[in-house]
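So the sequence shown is numbered by the numbering used here: it starts at 3 and just counts up by one. Just so you know, even glycine gets a beta-carbon here, dropped at the ideal spot from N, CA and C.
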Amino acid sequence: MTNLYLIRHGEALVNVNHIVGGMRGDTGLTSLGVLQAERLRDRLAATRELVADVLIASSFRRAQQTAEIIAPALGLPVTLDDDVQELRPGEADGMPVGEAMVRYAIDFEREPYRPASPGGESWAQFMLRVSVALDRITREHEGRTIAIVTHGGFIDVAFLHFFKMNALAFPVAHFATRHTSLTHWQRRRRWGRAEAWHLIYYNDSAHLRDVERTVRIPWAELSTLAPRSAEDPSGPPSSESGEGR
């Protein structure tokens, strides 16, 4: 039996400042994001509900910083893996999101094969990378418990991968994945059949019950951006509705 825990990073500066957050644009967590990660660390240390064999993190700063904060609770070093990064934005990295959306006319729903901007990934490339990464990591650590600190877009695509949904269609609905939440997948036999992945739970953020609600529109992470109209290209309608990345 293989257990996979996907952990979303804490609130990041790119989230609240509406900056495209690739490797260059990502400047780490906000003070609230640090607090969220600390609350998760304290929860895991107290409950021992997650006894992992390996701790993997995206090499984007916001995920790496989150992993470094929770690592003492797991007693594990952080292993960075570029393949669990959010969608790579290319030339748009570090730009204000509204500007990037207008300049590059990003529309993954209509053009899944077109890169976000020159040098970046398309939706189809991102889907393929996530699927290959999940297959590789779970194969390398078969029968173990794996913790991955990653991004909301990666967690969304994991659903499409495990449920074998259309790999090329950009989703018209998204998941409201909270910062530092836990999503648990388990690969096991069912009714004597071959092993299959089971979703045990999604978006567990019990450690944030007394912390400000921080689900935010993912304007720093292009993997879930819907097309913006010419009349409204500037950015998010609200920081308190929708899903964060």
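Residue i burial status per 10 Å Cβ neighbour count (16 or more: buried)
{"i": "residue 74", "result": "exposed"}
{"i": "residue 3", "result": "exposed"}
{"i": "residue 168", "result": "exposed"}
{"i": "residue 197", "result": "exposed"}
{"i": "residue 175", "result": "exposed"}
{"i": "residue 134", "result": "exposed"}
{"i": "residue 7", "result": "buried"}
{"i": "residue 117", "result": "buried"}
{"i": "residue 119", "result": "buried"}
{"i": "residue 193", "result": "exposed"}
{"i": "residue 201", "result": "exposed"}
{"i": "residue 77", "result": "exposed"}
{"i": "residue 219", "result": "Residue placement at residue 219 is flagged as unreliable, the pLDDT there being 42, under the threshold of 50; the coordinate-derived value follows with that caveat. Looking at its Cβ environment, which holds 16 or more other Cβ atoms inside 10 Å, residue 219 is buried."}
{"i": "residue 115", "result": "exposed"}
{"i": "residue 28", "result": "buried"}
{"i": "residue 255", "result": "No answer is possible for residue 255: the residues shown for the chain start at 3 and end at 247."}
{"i": "residue 13", "result": "buried"}
{"i": "residue 26", "result": "exposed"}
{"i": "residue 105", "result": "exposed"}
{"i": "residue 45", "result": "buried"}
For residue i, the nearest candidate out of the options (CA to CA)
{"i": "residue 89", "options": "157, 197, 107", "result": "157"}
{"i": "residue 66", "options": "112, 31, 159", "result": "31"}
{"i": "residue 208", "options": "119, 22, 49", "result": "49"}
{"i": "residue 172", "options": "80, 128, 37", "result": "128"}
{"i": "residue 9", "options": "137, 204, 95", "result": "204"}
{"i": "residue 132", "options": "183, 60, 110, 79", "result": "60"}
{"i": "residue 18", "options": "64, 139, 194, 114", "result": "64"}
{"i": "residue 24", "options": "55, 190, 72, 94", "result": "94"}
{"i": "residue 43", "options": "161, 27, 11", "result": "11"}
{"i": "residue 113", "options": "125, 103, 102", "result": "125"}
{"i": "residue 213", "options": "22, 40, 199", "result": "40"}
{"i": "residue 72", "options": "84, 103, 85, 36", "result": "36"}
{"i": "residue 187", "options": "14, 163, 86", "result": "163"}
{"i": "residue 141", "options": "69, 189, 51, 80", "result": "189"}
{"i": "residue 211", "options": "181, 185, 195, 102", "result": "181"}
{"i": "residue 33", "options": "45, 15, 22, 26", "result": "15"}
{"i": "residue 68", "options": "38, 111, 110", "result": "38"}
{"i": "residue 85", "options": "70, 138, 179, 170", "result": "138"}
{"i": "residue 22", "options": "179, 96, 70", "result": "96"}
{"i": "residue 183", "options": "70, 110, 195, 154", "result": "154"}
{"i": "residue 179", "options": "109, 110, 206, 51", "result": "206"}
Beta-ladder partner(s) of residue i, from DSSP
{"i": "residue 7", "result": "149, 186"}
{"i": "residue 203", "result": "186"}
{"i": "residue 80", "result": "57"}
{"i": "residue 21", "result": "98"}
{"i": "residue 31", "result": "14"}
{"i": "residue 39", "result": "Answer is none; residue 39 lacks a bridge partner."}
{"i": "residue 198", "result": "190"}
Same chain only: Cβ atoms within 6 Å of residue i, ignoring 5 sequence neighbours per side
{"i": "residue 166", "result": "none"}
{"i": "residue 122", "result": "90, 91, 92"}
{"i": "residue 149", "result": "7, 54, 57"}
{"i": "residue 87", "result": "60, 62"}
Residues of its chain near residue i, where Cβ-Cβ distance is below 8 Å and the 5 sequence neighbours each way are ignored
{"i": "residue 145", "result": "3, 4"}
{"i": "residue 47", "result": "74, 75"}
{"i": "residue 160", "result": "8, 132, 136, 185, 187"}
Close Cβ partners of residue i (< 7 Å) along its chain, the five nearest in sequence each way excluded
{"i": "residue 53", "result": "147"}
{"i": "residue 82", "result": "59, 61, 66"}
Proximity test, Cβ basis, 9 Å: residue i and chain D
{"i": "residue 112", "result": "The structure shown contains no chain D; it is built from a single protein chain."}
Self-check item: Unbroken stretches of the beta strand (DSSP E), 3 residues or longer, contained in the region 86-122
Solution: Considered as a whole, the region 86-122 harbours no complete run of any beta strand (DSSP E) with no fewer than 3 residues.
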